[in-house]
Amino acid sequence: MSARNPDNVVIVGGGVAGWMAASYLKAAFGDGVSVTLLDPGAADPAEEDEASLGDLGRFFDVLGLAEEDWMAACEATYKLAVRFQGFSRPDHYFYLPFEGAREAGGFPLTEWWPHNGPSGRFDRDCFVAAWLCDAGRSPRAFHSALPGTAPATGPYGYHFKGEALAGYLAGYAVERGVRRLTGEVLEVRLDPRGWIDHVVTAQHGPVHGDLFVDCTGSAGLLLRQALRVPWLSYRNSLPGDAVVALDVPADMKAHGIPPYTTVTARAAGWIRAVPLRSRIVTGYVYAQEYCTPQEAESTLREFAGPEAAGAEAVHAPLATGRSLTAWRHNCVAVAAAAGRVEPLQTTQVSFTHHALEQLVRHFPGADWHPRLREGYNTAVAQELDGAREFLTLLYQGTARDHTQYWRDVKTRPVPDGLAERIEYWRVRLPGAEHLPPYQHGVPAHAYASVLLGTGAIEVRPPAAVVLADEALARAEFATVRRTAQGLVEALPTQYDYLRRISA
62 MSARNPDNVV
72 IVGGGVAGWM
82 AASYLKAAFG
92 DGVSVTLLDP
102 GAADPAEEDE
112 ASLGDLGRFF
122 DVLGLAEEDW
132 MAACEATYKL
142 AVRFQGFSRP
152 DHYFYLPFEG
162 AREAGGFPLT
172 EWWPHNGPSG
182 RFDRDCFVAA
192 WLCDAGRSPR
202 AFHSALPGTA
212 PATGPYGYHF
222 KGEALAGYLA
232 GYAVERGVRR
242 LTGEVLEVRL
252 DPRGWIDHVV
262 TAQHGPVHGD
272 LFVDCTGSAG
282 LLLRQALRVP
292 WLSYRNSLPG
302 DAVVALDVPA
312 DMKAHGIPPY
322 TTVTARAAGW
332 IRAVPLRSRI
342 VTGYVYAQEY
352 CTPQEAESTL
362 REFAGPEAAG
372 AEAVHAPLAT
382 GRSLTAWRHN
392 CVAVAAAAGR
402 VEPLQTTQVS
412 FTHHALEQLV
422 RHFPGADWHP
432 RLREGYNTAV
442 AQELDGAREF
452 LTLLYQGTAR
462 DHTQYWRDVK
472 TRPVPDGLAE
482 RIEYWRVRLP
492 GAEHLPPYQH
502 GVPAHAYASV
512 LLGTGAIEVR
522 PPAAVVLADE
532 ALARAEFATV
542 RRTAQGLVEA
552 LPTQYDYLRR
562 ISA
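Okay, so the sequence shown: first residue is 62 according to my numbering, each after it adds one.
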């Protein structure tokens, strides 16, 4: 490796993560870097997420792609929230929206709500998005479908078919100069320093690079296998270690297309349902200690209903945790090669996006300054550790205890500091100042929503709220209700919106 700028990037691994990396690096650097993507074949079955957080639009903005450019090709739909079902009691649900919390008198409505919420639904009292979700509304009006126009509502994410998005981004990247190679990686060769010199492929022989990006999923072909970076498991906090998935064709005109991902508690884990334009993608994440693969598949098919009769079930292990470092020497891991959590919020594609933002910001120069590597490693580790903490709170907070699985999850160890924070949140719901400073993508209102929605951790309004002017809160609660009712009347259903703009 020469002492020059590392302008020859080799990405190992295709799928969503690999092609997101290839297209993002090309969009960010243009001809300043040469990008080769080596696709060894089958994607990691646990890697192909079909949903995002509410900031994925930034990824497409960097690529210069508008929604009308890619959404129809990927069966994409809008996502305003995650709907959690049965985490408090069997007939109960609540929304965790991307919309931020409104304030009254200097306090977020989520802090006012335990004192004087106008109804029994904190999500509808505090967030407009909950009303839109219940009504199945699109976040965009027909007039806002024009390029460059703003949505009618707040932030939103997307649902999409992972394989289709990977294919779309592959076309985008190759058209802009990314070199695409296919075939099995036979060997990873290191130089005398222990850095990656090249990979040996069956069809193309040696492929040399300056910087190697590991997008090989949970296999971690470069970072974990070749460079032997240790893996830090999250298994002690997050119980799910297997997943079975069904891709179910559905009549979405009859179903409607809900603008949310549904997560439903089940006896040995939880089931996710992701609505696309012509199908519903479902997956049961479960703990094998409490459930066999056959039982899990039967539970998922029962949940999905008769339309799943002909759908093939895909079983896969789920290893949650992260690499000790996501960047070692000249190898940077992205997506599941760097780490993953249980996809309770379906966050893997957003983690991939955030990692690529950090890679571009910390891209090395000729001196390979170690501070850049440290900055990337810190950002990725903190995001994954923060997500682990947030999901642990959901398990700790759930009032569901009807099976041994749900009784046991609340006895698992919690990440450092979370127990102390929970005790604090019992008397003061989370605000931005009460969260770990490294949290990314999990705002304070998300923590508050989990505490208010799951039911096992008793919270009370702060004393300051009890003493404050309730008229301010009543007025803001009324504004939420009025705004939401107006949008429900004005906005089309998501099915009608997508059908019309795709016609």
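Cβ coordinates follow ideal geometry from the N, Cα and C atoms, glycine included. On a predicted model such as this, the values are computed, not experimentally measured, just so you know.
Output the distance between the C-alpha atoms of ALA416 and PHE221, rounded to the nearest integer angstrom. Along the sequence shown, one-based indexing puts residue 416 at 355. Along the sequence shown, one-based indexing puts residue 221 at 160. For ALA416 and PHE221, the distance between alpha carbons rounds to 20 Å.
Rounding to the nearest angstrom, what Cα-Cα distance links GLY371 and ALA306 in this structure? Start at 1 with the first residue of the sequence shown, and residue 371 comes out as number 310. Start at 1 with the first residue of the sequence shown, and residue 306 comes out as number 245. Cα-Cα distance, rounded: 13 Å.
Compute the distance between the beta-carbons of LEU283 and ASP271, then report whether it is under 7 Å. Translated into the one-based positions of the sequence shown, residue 283 becomes position 222. Translated into the one-based positions of the sequence shown, residue 271 becomes position 210. Not in contact: LEU283 and ASP271 (Cβ atoms no closer than 7 Å).
Just confirm the distance between the C-beta atoms of ASP100 and ARG241, as a whole number of angstroms; I'd bet it's less than 8 Å. Along the sequence shown, one-based indexing puts residue 100 at 39. Along the sequence shown, one-based indexing puts residue 241 at 180. That pair is a contact at about 7 Å.
So within the stretch 458–542, which uninterrupted alpha helix (DSSP H) runs reach at least 4 residues, ignoring any that extend past its ends? 465–470, 479–486, 505–515 and 524–528
Using the C-alpha atoms, what's the distance from ALA551 back to LEU559? Numbered from its first residue, the sequence shown carries residue 559 at position 498. Numbered from its first residue, the sequence shown carries residue 551 at position 490. Each residue's Cα considered, the two are about 16 Å apart.
For GLY281 versus ALA380, is the C-beta spacing smaller than 7 Å? Sequence index remark: in the sequence shown, residue 281 carries index 220 (1-based). Sequence index remark: in the sequence shown, residue 380 carries index 319 (1-based). In this structure, ALA380 does not lie closer than 7 Å to GLY281 by Cβ.
Using a Cβ-Cβ cut-off of 6 Å (strictly less than) and excluding sequence neighbours within five positions of ASP184, which residues of its own chain qualify? Counting from one through the sequence shown, the residue named residue 184 turns up at place 123. Correct list, in chain order: PHE155, TYR156 and ALA191.
Does DSSP put MET62 in a helix, a strand or coil? Position 1 of the sequence shown, counting from 1, holds the residue named residue 62. Caution applies to MET62, whose pLDDT of 45 falls short of 50 and renders its modelled position unreliable; the value that the coordinates give is listed next. Coil, per DSSP.
Just confirm the distance between the C-beta atoms of VAL346 and GLY366, as a whole number of angstroms; I'd bet it's less than 8 Å. Position 285 of the sequence shown, counted from the first residue, corresponds to residue 346. Position 305 of the sequence shown, counted from the first residue, corresponds to residue 366. Not a contact, Cβ separation roughly 19 Å.
Status (buried if at least 16 other CB within 10 Å, exposed otherwise) for ARG487: Locating residue 487 in the sequence shown gives position 426, counting from the first residue. Exposed is the call here.
Between the CA atoms of GLU236 and PHE424 - distance to the nearest angstrom: If you number the sequence shown from 1, residue 424 lands on position 363. If you number the sequence shown from 1, residue 236 lands on position 175. Cα-Cα distance, rounded: 23 Å.
Look at the Cβ atom of THR554, then the Cβ atom of GLY215, and state whether they are nearer than 7 Å. Here the question's residue 554 lines up with position 493 in the sequence shown. Here the question's residue 215 lines up with position 154 in the sequence shown. Contact: no.
Exposed or buried, what is ASP122 when buried is set at 16 or more other beta-carbons lying within 10 Å of its beta-carbon? Residue numbering aside, residue 122 sits at position 61 when the sequence shown is read from its first letter. With fewer than 16 Cβ atoms within 10 Å of its Cβ, ASP122 is classed as exposed.
State the start and end residues of the unbroken beta strand (DSSP E) segment that holds GLY266. Here the question's residue 266 lines up with position 205 in the sequence shown. From DSSP, the beta strand (DSSP E) with GLY266 extends over 266–269.
Local conformation of TRP429 per DSSP, three classes: Counting from one through the sequence shown, the residue named residue 429 turns up at place 368. DSSP places TRP429 in coil when its eight states are reduced to three.
To the nearest angstrom, how far is it from the Cα of GLU481 to the Cα of LEU490? In the sequence shown, the residue the question calls residue 481 occupies position 420. In the sequence shown, the residue the question calls residue 490 occupies position 429. Each residue's alpha carbon lies about 13 Å from the other.
If GLY76 sits next to ALA227, beta carbons under 8 Å apart, how far is it from one beta carbon to the other, in whole angstroms? Working through the sequence shown from its first residue, we reach residue 76 at position 15. Working through the sequence shown from its first residue, we reach residue 227 at position 166. Indeed, because the Cβ distance is near 5 Å, the residues count as touching under 8 Å.
What does the alpha-carbon distance come out to for the pair GLY547 and GLY344? Position 486 of the sequence shown, counting from 1, holds the residue named residue 547. Position 283 of the sequence shown, counting from 1, holds the residue named residue 344. Roughly 35 Å between the two C-alpha positions.
Can you name, in chain order, every residue of its own chain whose Cβ lies under 6 Å from the Cβ of PRO439, other than the five neighbours on each side? Residue mapping note: residue 439 aligns to position 378 of the sequence shown, counting from 1. The question names Pro, but residue 439 in the sequence shown is Thr. Closer than 6 Å at the Cβ level, and outside the excluded window around THR439, lies no residue.
PHE188 beta carbon less than 7 Å from that of THR515: Locating residue 515 in the sequence shown gives position 454, where the first residue counts as 1. Locating residue 188 in the sequence shown gives position 127, where the first residue counts as 1. In this structure, PHE188 does not lie closer than 7 Å to THR515 by Cβ.
For PHE168, three-class secondary structure by DSSP: By 1-based counting over the sequence shown, the position of residue 168 is 107. Looking at PHE168 - three-state DSSP - the assignment turns out to be strand.
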